[in-house]
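Below is one structure; the comments refer to it alone.
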Amino acid sequence: MSVDFLHPSEGAAIDGNVPALELRGIDKRFPGVVALENVDFTLEAGKIHALMGENGAGKSTLIKIMAGVYGKEAGTIRMRGREVDIKSPRDSLKEGIKVVFQEIALISEFTVAENIFLEGYPTGKMGSIDWKKIRADSAALFNRIGFNVDPAARTGSLPVSQQQMVEIARALAHEARVVVMDEPTSSLTPNEVSLLFTVIRRLAALGIAVVYVSHKLDEVFEIADTVTVLRDGRHISTKPIGEHTNDTLIQDMIGRRIDNLFPRQRGAAGSKIALSVEGLSTAKKLHDVSFEARAGEVLGFFGLMGAGRTELAKAIVGYDPITSGTIAVDGIRLAPHDTRTGVKLGIGLLTEDRKSEGLMGELPVYQNASLASLGAFARLGFVDKAREHRAVQDYVDRFRIKTPSLFQQVKNLSGGNQQKVLIARWLMRGLKVIVVDEPTRGIDVGAKSEIFALIDRLAGEGLAVIMMTSEMPELLGLADRIAVMCEGRLTVIMSREEATQEKILNAAIG
Amino acid sequence: MAIGPEWTEMSELTHASAPKRFIGGQLLGSSQLVLGVILAVLCIAISIAAPQFYSEANIIAILRQCALVLIVASGMTMLIITAEVDLSVGASLAFVGCIGMAVLNSTHSLALGMLAALAFAGGVGLFNGLVVTRLRVNSLIATIGTMMMLQGGVYLFTREAVQNHNQLASFTDLGAGYVGAVPVPVILAALIFVVAYVTLRFTTLGRYLYAVGANEKAVRLSGLRSERLKLFAFVVTGLCVGVAGMILSSLMNAGQPTAGRGFELTVIAAVILGGTSLLGGRGSLFGTLLGVLVLKVIDNGIIILGLNQDLQMVVPGVVIILATYLDIIRNRANVR
């Protein structure tokens, strides 16, 4: 590593007309699939360029080509006008491109300073590593981005937001001209997001071209100078952010317009109490939570990070243990407190963490759908596969689940379609109460409205839907009543009519 | 690094070229295909070099060799599909033989000897299962512990081989007998294999075993008792060891505390070779059968070709790495 990184040419001192990075006519194929077709992507020094698109649009493939993880089949890459050949992540870094992936690639057992200088430790006499210099240089780097992380801290002990800062510092240490941030805010708190944005703007001010990959519209409007939208592996548009509105951006991303994100078809909720929870407490989070939910209603739970929504969801379906309180489905108590009893009584959880708690990724779609209801398709323990397949096919058709066949491994489906499979799992079982936790997390804009429609339909069919969400529009668009949580307590329940954003936020802050 | 979370990114595009493992599985998954080809090549190569390979006597010898491994591998396949493993089967095999033989000697009853062997081996499986599901000790570690306890424990039980004192004909037949031209152990192995095969392929229980291996939390959230499913697989593996242990002591005409060293590795190697994933949720008994055959044909080939017998450990080691690597290449071709 050269020593000169502390005094690079600040700002875009180079010829203003030459792009920092220019990708032209990029093609990338995977067997049987065109992932990118003739994509152009041009970055200007000192500008923040958002790269948007739904899952499958080709964003990840494009940045992986920039990072040298994938090779391209056709096209050229130019750094400041000079054609470069990027064959490996090492080449990419050498050319001054630093990609900060969503899954942070730092060695968690090493200190911050060690990680920053991983590719080449400064050495002193006798070839020994000059730790003093490493520490000092790290501190200097953090100084430049205006964010302080202790260079001696063990990296794994830091929150994700600070690990991102370490990655950014690494980029500076490598004199990166291009920094790519891949969905950087997906696990950050609002506070951390605004800090990150400050640092990103700082990078731009240093003359670095920043690529901001995201599908969150509000963030892009806040931070980006320019937006490029990809769809189905093709370049759709590149415009200054000022020329976009929410609607035009969504339209570019999904290729059609969404007229109504929250179509309400269901009638009013019934009067029958489907779920009653009384004085529920858990060892770690929940304190004395009580509420009732009626058949046919959507009861939305809102709360900030750490308010206890997921904990509540897992406790009321019997997954996590409780210390006191009762849960009753249709008047029958959930005892013993386990999921087996819960499912028997007719309460189930649509988890927020599909990959680790919902899907059996390696297994085919039909086995994922029928998991909770397999007994109903069996005689003397033998599965009647024909009947099972017919039942699953029925849901695939009704929910318009996009899958080439029932035998497709479910991990190959898009997030929205995976969610539909999991909803089908519960409907095939037949529930009275369904608890949905962040039902649209990781799901494309286009598929979101379909999930909303499905939730609406669940309530319409007489289920009580308990919806945990951190998304205000989702809450206001879907719920009949709104419950707000703060630090493990239920602070207020209000009807949709009396609810306003201010009231909800006030209750959430406590 | 190349195949990871970006998977979903590709998903909508990959539909057309999706891997067809679960349709193919009805006939032959392609990992089995690779293995089938390896087996065929081995058989042809060995028989060209040594024509006596295809003699009836040799084929029966190979099958008899396969029987012991296949019996335990049938249970082990179920267990590995649930994402657990049992390393104590070799040590248990020796212990079971000694106990079965001792009970047989004192009761003069094959049934009671058999029962004692099954009870002991099943008990070992139950113990392993409880340690793993209740105490939440990783199964690799738990069963290494059990293995050491059994290896030492068998010497507390007997310092030397337990000799066969009453020479019951029915007991001798267990290992050395024939029905027509087919050895009894081969018939027992075939029976156990078929039961396990049918269970895994056609029953709800089998489906739940795959499900637990694929995602235990999802199974629990669906109202199923994941711990019991794992416990079941541990006990079944134990019971298979019980049967195999009795056959082995019949073949050796004694209960040998030193028997079964390294047996667990052969069994697990056969299962892995057959394409069952150590991560759980994926695998098939048919693959295991092929895995057992490949390993034992190699063994046999080394003997009849008159090669150095120490190769009996070396060659399978090479084959396992090679076959697993071929599987990775195949998967990569499917993914990309």
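Chains as they are written, first to last, in our numbering: chain A, 24 to 533; chain B, 1016 to 1351.
Here a beta-carbon is modelled for each residue, glycine too, at the ideal position from N, C-alpha and C.
- In this chain, the beta strand (DSSP E) harbouring Val488 (chain A) covers Ala487 to Thr492.
- Contacts with chain A at 9 Å (Cβ-Cβ) include Gly1238 (chain B).
- If you draw a straight line from the Cα of Leu327 (chain A) to the Cα of Met508 (chain A), it is about 8 Å long.
- From the beta-carbon of Leu382 (chain A), the residues of chain B found nearer than 8 Å are Asn1230 and Ala1233.
- Residues of chain B whose Cβ lies closer than 7 Å to the Cβ of Val459 (chain A) do not exist, since the nearest Cβ in that chain is about 13 Å away.
- Arg193 (chain A) counts as buried, since at least 16 other C-beta atoms from the protein chains shown sit within 10 angstroms of its C-beta.
- Straight across, the Cα-Cα distance linking Val243 (chain A) with Ala73 (chain A) is about 6 Å.
- The Cβ-Cβ distance between Arg254 (chain A) and Ile273 (chain A) does not fall below 9 Å.
- Annotated three-state conformation of Ala199 (chain A) is coil, per DSSP.
- Close to Thr1218 (chain B), with beta-carbon spacing below 8 Å, are these residues of chain A in chain order: Ala401, Gly404, Phe405 and Val406.
- For Met451 (chain A), the uninterrupted alpha helix (DSSP H) segment begins and ends at Gly438 to Arg452.
- Per DSSP, the unbroken alpha helix (DSSP H) holding Glu1231 (chain B) starts and ends at Glu1231 to Leu1236.
- Its chain contains Ser1241 as the residues whose beta carbon lies nearer than 6 Å to that of Glu1231 (chain B), once the 5 sequence neighbours on both sides are disregarded; these appear in chain order.
- Residues of chain A with a Cβ closer than 9 Å to the Cβ of Arg1297 (chain B) are, in chain order, Glu385 and Leu386.
- Sequence-ordered contacts of the stretch 1193 to 1227 of chain B with chain A read Phe1217, Thr1218, Thr1219, Leu1220, Arg1222, Tyr1225 and Ala1226 [C-beta pairs closer than 7 Å].
- Ala97 (chain A) and Met188 (chain A) have their alpha carbons spaced roughly 34 Å apart.
- Closest option to Arg167 (chain A), judged by alpha-carbon separation, among A:Val222, A:Gly265 and A:Ala58: A:Val222.
- Of B:Val1334, B:Asp1314 and B:Ile1335, the smallest CA-CA separation from Asp1325 (chain B) is found for B:Asp1314.
- As the crow flies, the alpha-carbon of Lys526 (chain A) is around 25 Å from that of Glu245 (chain A).
- Note: Arg317 (chain A) is bridge-paired with A:Ile296 in the DSSP secondary-structure output.
- Met1093 (chain B) is bridged by DSSP to nothing; it lacks a bridge partner.
- In terms of beta-carbon proximity, Ser1292 (chain B) lines the interface with chain A, with at least one pair separated by less than 9 Å.
- For Thr261 (chain A), the uninterrupted beta strand (DSSP E) segment begins and ends at Arg257 to Pro263.
- Under the three-state reduction of DSSP, Met1267 (chain B) is assigned to helix.
- In chain order, Thr178 and Gly179 place their CB closer than 6 Å to the CB of Ser131 (chain A), counting only its own chain and leaving out the 5 sequence neighbours on each side.
- With a threshold of 9 Å between beta carbons, Ala414 (chain A) makes no contact with chain B.
- Nearest CB-CB separation between Leu394 (chain A) and chain B: below the 9 Å threshold.
- Taking all protein chains in view, the Cβ of Asp205 (chain A) is crowded by 16 or more other Cβ atoms within 10 Å, so the residue is classified as buried.
- For the stretch 358 to 394 of chain A, the full-length alpha helix (DSSP H) segments reaching 4 residues or more read 362 to 368 and 388 to 393 along the chain.
- In this structure, A:Asp417 is the residue among A:Gly438, A:Val406 and A:Asp417 with its C-alpha nearest to the C-alpha of Leu429 (chain A).
- The three-state reading of DSSP puts Val92 (chain A) in coil, since its state is none of H, G, I, E or B.
- DSSP places Ala58 (chain A) in the strand class (E or B) of the three-state scheme.
- When A:Gly76, A:Glu375, A:His197 and A:Arg452 are compared, the shortest CA-CA separation from Asp275 (chain A) is found for A:Gly76.
- Among the residues of the stretch 134 to 159 of chain A, none has a Cβ less than 7 Å away from any Cβ of chain B.
- Under the 10 Å beta carbon count, Gly1221 (chain B) is surrounded by 16 or more other beta carbons and is classified as buried.
- DSSP, read as helix, strand or coil, puts Tyr1193 (chain B) in strand.
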